[in-house]
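Have a look at the structure below before the remarks.
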Amino acid sequence: MATLPPELCDRVIDFAHDDYRTLRACSLVCADWLPGSRHHLFSSLAVFQDADDVPK
Numbered sequence: 001m002a003t004l005p006p007e008l009c010d011r012v013i014d015f016a017h018d019d020y021r022t023l024r025a026c027s028l029v030c031a032d033w034l035p036g037s038r039h040h041l042f043s044s045l046a047v048f049q050d051a052d053d054v055p056k
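For the sequence shown, the tail end lands on 56 under full-length UniProt numbering, and the numbers increase by one without skipping.
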């Protein structure tokens, strides 16, 4: 099976930087895609004081 250049894989993941669902799917493609996907998935942290404030 042919492999994609790492730069192209990074571009695909970077393109989806704001799409949580797509990033989750990218993280499951192969082990090489996991670090880039995680970078975007966990790049921000939201802290809520009350459980009622957490978006559903």
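Quick reminder that beta carbons are idealized off the backbone N, C-alpha and C, glycines included.
- In the same chain as Cys9, and ignoring 5 residues on each side of it, the C-beta atoms closer than 8 Å to its own belong to Asp32, Trp33, Gly36, in chain order.
- Cys30 carries a coil assignment under DSSP once its states are collapsed to helix, strand and coil.
- Contact between Leu41 and Leu23 holds, with the beta-carbon distance rounding to 5 Å and staying under 8 Å.
- In this chain, the alpha helix (DSSP H) harbouring Asp14 covers 6-15.
- Going by beta carbons, Arg11 and Ser27 fall outside the 8 Å limit.
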